[in-house]
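In our numbering, the protein residues as written are 2 to 529.
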């Protein structure tokens, strides 16, 4: 089956702005990147999930304060330490009118844990999902799992019948470039419906008039347009061609605030930006070192760490809008310990000595993969890191590219050295441990541990953390696991970035610390 992706050149960008509705109840969003698919199980990435969460819903949701609230499940309780019972919401309709039932829940769990899914880390500890009746399901986990409701808050429910009729029973596989109907069409239960999908050009959404819940804002239409160029994005906001932009280039914050037509919403983000290294292959894919892998040596990893001037990057690249970190989770994540958040000192001479001790007195050459349209100043950060590493004799062949090609490449582990950002979807340290630091297996553990760091003791602790109900004991286990990972130099943590959204003065919305942008909270008043 072929699909018309309606791909057009960047020349259409201005036309996409020009033909946008000028209705008082339309909000036009310009983001530096695009959601890569409408399939809610195809990519575990914040922008992707933020967009699709307006169309699809989980069993357990979150409110504007990130507190767990009922969504497609009205209640949940533990029948035993490893069995949770979820009572499903009655009377909910998918956008095509089909009723939501337990069959859709069973189908979704099977789909999300199957081939091609990028959401396996949310289902890898589920043993079985059983239908009790049309509006009750039991979810049995492989062991006690007290944070299961938190884990399920990003697992969006799909309609079984629609997926079967549209040959979309398997997720779109971004690693292999495999598409299906779910990438371009959607049938959720959410507050907005997908009206039109033009990848890399514009995606349009319309308010769901039959939504089961309350839509707090007055917006009827949302037009989402990717605008990769920073200057173009800012100009579009200031000229009124778009109503919201994300992110705002840090150097333009003052200009937007002084415009009188727009403002910048700023706040902390839960995301941590870090670098990963291939620690599995016996020979790096993209290096001039042959017959061995330098990143298997902790001294090399530590040399890279201590060669990166994070305070300098904070000052010059991020203009103060970041917080250097030593951990893969930041403040606001359950289990974060400020006492552990002290970075190794920036020390070029110490880094050179470590490289020499590891057998690389003259450094070596390696490729570094980075996105240039996903995180705040991502390309510039990677350029700064490359310049830092050059001072210790490491030649970085920087390969910066759009996230549309970047993520498929690194997710299939076709990389030696890469950048990634991570917001724990459960707002709990277990999520980062399970997805980023756990040894990789085919069940979803370590699914985003793209360099295959592995310490069996960290795995053992992660399993204990998952089932421990005593907060004091659990926090102690988390601390122990993070210390092991830090001592191993498992990854190279960089910083937590800050949010900066540009918003027209007549638009109101909610900026959430997980960088989600729910359309249901958007309101627009006539421009003055």
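Heads up, the beta-carbon is just placed ideally off N, CA and C, and yes, glycines get one too.
Beta-carbon gap between residue i and residue j smaller than 9 Å
i: residue 245; j: residue 505; result: yes
i: residue 293; j: residue 490; result: no
i: residue 249; j: residue 265; result: yes
i: residue 336; j: residue 362; result: no
i: residue 416; j: residue 279; result: yes
i: residue 95; j: residue 101; result: yes
i: residue 164; j: residue 108; result: yes
i: residue 467; j: residue 157; result: no
i: residue 285; j: residue 386; result: no
i: residue 93; j: residue 73; result: yes
i: residue 457; j: residue 176; result: no
i: residue 99; j: residue 89; result: no
i: residue 194; j: residue 181; result: no
i: residue 483; j: residue 341; result: yes
i: residue 53; j: residue 221; result: no
i: residue 191; j: residue 211; result: no
i: residue 319; j: residue 382; result: yes
i: residue 374; j: residue 403; result: yes
i: residue 119; j: residue 55; result: no
i: residue 419; j: residue 218; result: no
i: residue 117; j: residue 174; result: yes
Inter-residue Cα distance where the pair is residue i and residue j
i: residue 338; j: residue 479; result: 9 Å
i: residue 527; j: residue 105; result: 41 Å
i: residue 48; j: residue 202; result: 16 Å
i: residue 496; j: residue 369; result: 18 Å
i: residue 81; j: residue 234; result: 52 Å
i: residue 400; j: residue 371; result: 6 Å
i: residue 459; j: residue 465; result: 10 Å
i: residue 215; j: residue 296; result: 51 Å
i: residue 200; j: residue 405; result: 10 Å
i: residue 520; j: residue 51; result: 10 Å
i: residue 392; j: residue 349; result: 7 Å
i: residue 224; j: residue 255; result: 26 Å
i: residue 327; j: residue 196; result: 43 Å
i: residue 473; j: residue 151; result: 19 Å
i: residue 525; j: residue 226; result: 18 Å
i: residue 346; j: residue 522; result: 43 Å
i: residue 303; j: residue 397; result: 16 Å
i: residue 301; j: residue 315; result: 24 Å
i: residue 253; j: residue 514; result: 21 Å
i: residue 22; j: residue 232; result: Because the pLDDT of residue 22 is 41, which lies under 50, any placement of that residue in the model is unreliable, and the number read from its coordinates should be weighed accordingly. For residue 22 and residue 232, the distance between alpha carbons rounds to 23 Å.
i: residue 511; j: residue 267; result: 11 Å
i: residue 389; j: residue 325; result: 16 Å
i: residue 307; j: residue 481; result: 23 Å
i: residue 70; j: residue 440; result: 32 Å
i: residue 75; j: residue 64; result: 14 Å
i: residue 205; j: residue 36; result: 12 Å
i: residue 509; j: residue 378; result: 26 Å
i: residue 129; j: residue 85; result: 11 Å
i: residue 282; j: residue 475; result: 33 Å
i: residue 287; j: residue 384; result: 18 Å
Contact test: residue i Cβ vs the ligand NAD heavy atom, cutoff 8 Å
i: residue 131; result: This structure does not include the ligand NAD; it has no bound ligands of any sort.
For residue j and residue i, believed in contact at Cβ under 8 Å, the rounded distance
i: residue 445; j: residue 122; result: 5 Å
i: residue 437; j: residue 329; result: 6 Å
i: residue 148; j: residue 471; result: Actually they are not in contact, since the Cβ atoms of residue 148 and residue 471 sit about 13 Å apart, beyond 8 Å.
i: residue 57; j: residue 229; result: That belief does not hold up - the Cβ atoms of residue 57 and residue 229 are roughly 26 Å apart, past 8 Å.
i: residue 322; j: residue 501; result: 7 Å
i: residue 463; j: residue 431; result: 7 Å
i: residue 356; j: residue 364; result: 6 Å
i: residue 251; j: residue 503; result: The Cβ separation is near 12 Å, so there is no contact.
i: residue 153; j: residue 60; result: 5 Å
C-beta neighbour in chain D for residue i, strict 9 Å
i: residue 327; result: Reference to chain D is not applicable here, since this structure consists of a single protein chain.
| If we count Cβ pairs, one from each stretch, closer than 8 Å, do we get three or more for the region 224–244 versus the region 31–46? | yes
Exercise for the section: Determine contact between the region 267–281 and the region 421–432, defined as no fewer than three beta-carbon pairs at a distance below 8 Å. Expected result: yes
Quiz item: Which parts of the region 291–360 are runs of the beta strand (DSSP E), unbroken and 3 residues or longer, counting only runs that do not cross its ends?
Solution: 323–325
- Inter-stretch contact (C-beta, 8 Å, three-pair minimum) for the region 110–126 and the region 34–50: yes
Three or more C-beta pairs below 8 Å linking the region 442–451 and the region 310–320: no
My parser needs the alpha helix (DSSP H) runs of 4 or more residues fully inside the region 168–211; what are they?
182–185
**Prompt:** Between the region 161–181 and the region 122–132, are three or more C-beta pairs nearer than 8 Å?
**Reply:** no
Q. Counting pairs of beta carbons, one from the region 139–154 and one from the region 61–81, are three or more of them closer than 8 Å?
A. yes
Check your understanding: Quick one: complete alpha helix (DSSP H) runs, 4+ long, within the region 389–425?
Key -> 404–412
With a floor of 4 residues, list each alpha helix (DSSP H) that falls wholly inside the region 71–123, ordered by position along the chain.
-> 103–113
**OP:** With a floor of 3 residues, list each beta strand (DSSP E) that falls wholly inside the region 39–68, ordered by position along the chain.
**Re:** 61–63
Practice item. Return the chain-ordered ranges of every beta strand (DSSP E) run that is complete within the region 425–481 and spans a minimum of 3 residues. Key: none
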